[in-house]
Amino acid sequence: MIINKITYRFHDRAGAEQKTLEPHGCIEADNRKPARTGLIPLGWYILITLGVPLANGSLQRQAARFAEHSAMVLTAAAVVLLFMLLVRTILQQIHIKRRRFEK
């Protein structure tokens, strides 16, 4: 949640996303590029958790342990990404049903 707020603020400052005011007073981001919101922090996580050991020479000294670490990091990142997509899909379906109900 905190990461999404930080990412949203970054996009807002960069002018990448437009904001629209909904009737309920909620501010909703323009969904032209929704995947970026979750992928930016996830990409940084992968880059740091794999890049730092690579820079320290872990691959050369302990290749088997580095491979295990890489597999765990990438698997965890994939699980988090799938969870984020699932939650986003569910929330979109709820939003669509509410709009149909209001009409």
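Be aware that the sequence shown starts at 9, since it is given in our numbering, and climbs by one per residue. From the three backbone atoms N, C-alpha and C, an ideal C-beta is built for every residue, glycine too.
For the pair the segment 55 to 64 and the segment 88 to 108, tell me if three or more CB-CB distances fall below 8 angstroms. no
Distance between W52 and R108 (C-alpha atoms, nearest Å): The residue labelled residue 108 in the question sits at position 100 within the sequence shown. The residue labelled residue 52 in the question sits at position 44 within the sequence shown. A straight line joining the alpha-carbon of R108 with that of W52 spans about 38 angstroms.
From which residue to which residue does the alpha helix (DSSP H) around Q126 run? Outside the shown range of the chain, which is 9 to 111, sits residue 126, and nothing can be said about it.
Does the beta-carbon of T45 have 16 or more other beta-carbons within 10 angstroms, so that it is buried, or is it exposed? On the sequence shown, position 37 is the one that residue 45 refers to. Buried: at least 16 other Cβ atoms inside 10 Å.
On a Cα-Cα basis, can you pick out the residue from S78, R106, A86, L94 that is closest to L50? Position 42 of the sequence shown, counted from the start, is the residue given in the question as residue 50. If we check each option's Cα against that of L50, A86 comes out closest.
Under 6 angstroms Cβ to Cβ from P31, same chain only, skipping five residues before and after it: list those, please. In the sequence shown, the residue the question calls residue 31 occupies position 23. A caution first: P31 carries a pLDDT of 47, below 50, which makes its placement in the model unreliable, though a value can still be read off. Nothing meets the Cβ criterion.
Considering only the alpha carbon of each residue, which of R69, S66, M92 lies closest to I48? What you label residue 48 is simply residue 40 of the sequence shown in a count that begins at 1. Nearest C-alpha to I48: M92.
Spatial distance of Q70 from A79 (CA atoms): Sequence index remark: in the sequence shown, residue 70 carries index 62 (1-based). Sequence index remark: in the sequence shown, residue 79 carries index 71 (1-based). Their Cα atoms are separated by approximately 14 angstroms.
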